[in-house]
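To start, the structure under review is shown below, and the notes come after it.
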Amino acid sequence: MSANRSFGEGPLPLFEPDPAFGDTPVDEAAAAALIPAGAGSGARGGPRLPSYISDHRARLRERFMQGGAGAMPDYELLELVLFRAIPRQDVKPLARRLLDRFGDFNRVLSASNARLLDVDGVGPAVVQELKIVEAAAQRLSRSRVINRPVLTSWDALLDYCHTTMAHGEIEHFRVLYLDRKNVLIADEEQSRGTVDHVPVYPREVVRRALELNASALILVHNHPSGDPTPSDADITMTARIRDAAEVMGIVLHDHLIIGKSRELSFRAEGLV
């Protein structure tokens, strides 16, 4: 919508270019020819969408409501997300471009704003819609583990870690703080790094544990390469945090490294 247009100035023209939506100019006379006579006005006050677009959107929505996300391939699920950001265009080509660039639905959602904007047809509105869905997924996943005993919700914890970290483009280091009953009382990102390194300060980890009155810790960080195999630096850093925590009577339960499709547990590997 033009920045200078007010709601009192009449109906919006069909396919009006909007950089925020990533729209491209379309000849209005040609577009109007696609609309059946007597089609009437759409919800926005202008002519309705061509039937081949509106019918396609209606079919996708119906399939989603009947069968859920499991009944839809990634590009169709992505189309459903894009409908709100680009209400007056066929979004299938853009959905396919995004998947060609990033690989799958999850990687599209977790891609950085800058990389998303580099895709032809993506504007701020598309980025915002994708990031809303990503935030909702992370919040839902987190709600399944926070304030719950970790040992009885381990699979949910792994799902949460993968949802929030598996597709990160840089390393993130977070600490899960547990109480005496191994209930997760806090989940905090301690630092961010580069594609292959993240700075970690054992003193800060232990200090925060004392502030929260935590009795145990689980360390989590991701490997953007996708391979969760620990480096020598990972092993050394884990040992330093374990030793510093033990001095204060705090137990290090585990250190999880999250890769693209799997995770590695230091405890399972005998490294803690």
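Counted from 1, the sequence shown has number 144 at position 144 by UniProt numbering; the numbering is strictly sequential.
Even glycine gets a Cβ: it sits at the ideal position worked out from N, Cα and C.
query                                                                                                                             : result
When burial is assigned at 16 or more other CB atoms within 10 Å of the CB, is Asn222 buried or exposed?                          : buried
For Leu256, which three-state DSSP category applies?                                                                              : strand
If you compare alpha carbons, which of Ala135, Asp90, Val122 is closest to Asn106?                                                : Ala135
What's the call for Val127, buried or exposed, on a 16-neighbour Cβ count within 10 Å?                                            : buried
How about the region 201 to 221 and the region 236 to 255: do they share at least three Cβ pairs that are nearer than 8 Å?        : yes
Please report how far the alpha carbon of Ala114 lies from the alpha carbon of Gly68, in whole angstroms.                         : 31 Å
If we ignore side chains and look at the alpha-carbon of each, how far apart do Tyr52 and Phe64 end up?                           : 18 Å
Taking just the CA atoms, how far does Lys260 sit from Thr24?                                                                     : Confidence at Thr24 is low in this model, with a pLDDT of 42, below 50, so its placement is unreliable and the value that follows should be read with caution. Thr24 and Lys260: Cα-Cα distance of roughly 35 Å.
On the DSSP letters alone, give me the boundaries of the beta strand (DSSP E) that Tyr177 sits inside.                            : 172 to 178
Taking 8 Å as the cut-off, decide whether the C-beta atoms of Val220 and Ile258 are in contact.                                   : yes
Let me know if Pro199 comes out buried or exposed under the rule of 16 or more other beta-carbons within 10 Å of its beta-carbon. : exposed
Using alpha carbons as the reference points, say which of Glu269, His255, Ser110 lies closest to His167.                          : Ser110
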